[in-house]
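In this note's numbering, the protein residues as written are 1 to 398.
We put the beta carbon where it would ideally sit given N, CA and C, even for glycine.
As the structure is a computational prediction, the values presented were derived from the model and not from experiment.
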């Protein structure tokens, strides 16, 4: 439940929840069988052109993502650190575990327990050029193995071009309880970036990447740098005159409150894997306010729900980051809010040169990563090459 330490779900688990999870052992194979048998008769389109094994994995995740929060708590799960260590073990001796343990305190100047998070390095720790990735998981689930596989593939591809890149994946606190509530992930993300700078990394040689909820976290971090959160948390003061080399948001989860207000994609994109609409409400409802904080929910909501932040808050981002790439799949449920977010928060301030939106034909949520759930390389996924090229261009034009 957490990359930094498992958190207990606070929702009561009923016998109905247990029964529903038990039925997964019937529902999953039945769903996959029906899809396989019906696949030849499904109208051809860009999504159905994907390999069957990839589409079967999508169906598997779709079934799992329909579980309630209480039901998902019954599933076996590992921490992000354990996922990483298991992945490394399968690739020994080519790769070794490189983990930086980071302790953070949520409230400056107040007594509070420190909360640890980890930077999990893909390949050798290299600090000349660094990608700092905040993985998705709806703030409920830890990083998955496909993320490490994707980045290792990318790293080896760049090495063929003579480009050595260090890749650090942040394993941050997740869960449904108050101990995993905003702003803990923002504090951990701030700590991670500051740690890289303290190691001697130049801000202009760092590119931030976030997918899904990780994209939400990147937006939180950028807003915190531009318009500090009105809570007693560590500030993000960046070196004067320096900017991040780039930011890439893959299927960013920018609307947690009411995604339907931005369009119909949340209801109509049936091939997508993301169906859990209640997770955003849980994250928003756990934001400290009133008795828990001296500030109101309305003051904090623009950080946790980036699409609701005033457009002007984003106007200073070009002084913080050189360029931004945003991608979404044309068949994903978050398509409408992602496009609205780009059109209103990014494009007006970065223009067509430094702000780029890519809408992938046949793509669904986190599409490039999903290939690596069933393979060790892209499955005819053209977006992966675009992502790698965009990141490489940023590091090359220093």
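Contact between the region 187-202 and the region 306-317 is absent: fewer than three C-beta pairs spanning the two stretches fall below 8 Å.
The DSSP-derived three-state label of residue 36 is helix. Per the Cβ contact rule, the region 223-234 is in contact with the region 184-196 (3 or more Cβ pairs under 8 Å). Fewer than three pairs of CB atoms, one per stretch, sit closer than 8 Å, so the region 232-247 makes no contact with the region 277-290. DSSP links residue 85 through a beta bridge to no other residue.
The C-alpha of residue 121 is placed about 13 Å away from the C-alpha of residue 102. Here residue 34 is exposed. Its C-beta has fewer than 16 other C-beta atoms within 10 Å. Secondary structure of residue 280 (DSSP, three-state): helix.
Across the structure, residue 235 and residue 353 are spaced so that their CA atoms are roughly 30 Å apart. Closest by C-alpha distance to residue 170, out of 162, 186 and 177, is 186. Spanning the alpha carbons of residue 318 and residue 287 requires a straight line of approximately 28 Å. For residue 254, the three-state secondary structure derived from DSSP is coil. In this structure, 359 is the residue among 140, 98, 359 and 146 with its C-alpha nearest to the C-alpha of residue 343.
In terms of Cβ geometry, residue 50 and residue 379 form a close pair [threshold 8 Å].
Of the residues 66, 303, 90 and 132, the one whose Cα lies closest to the Cα of residue 23 is 66.
Going by DSSP, residue 188 is part of the alpha helix (DSSP H) stretching over 184-198.
Counting only residues of its own chain and dropping the five nearest sequence neighbours on each side, residue 228 has a CB closer than 8 Å to the CB of 235 and 236.
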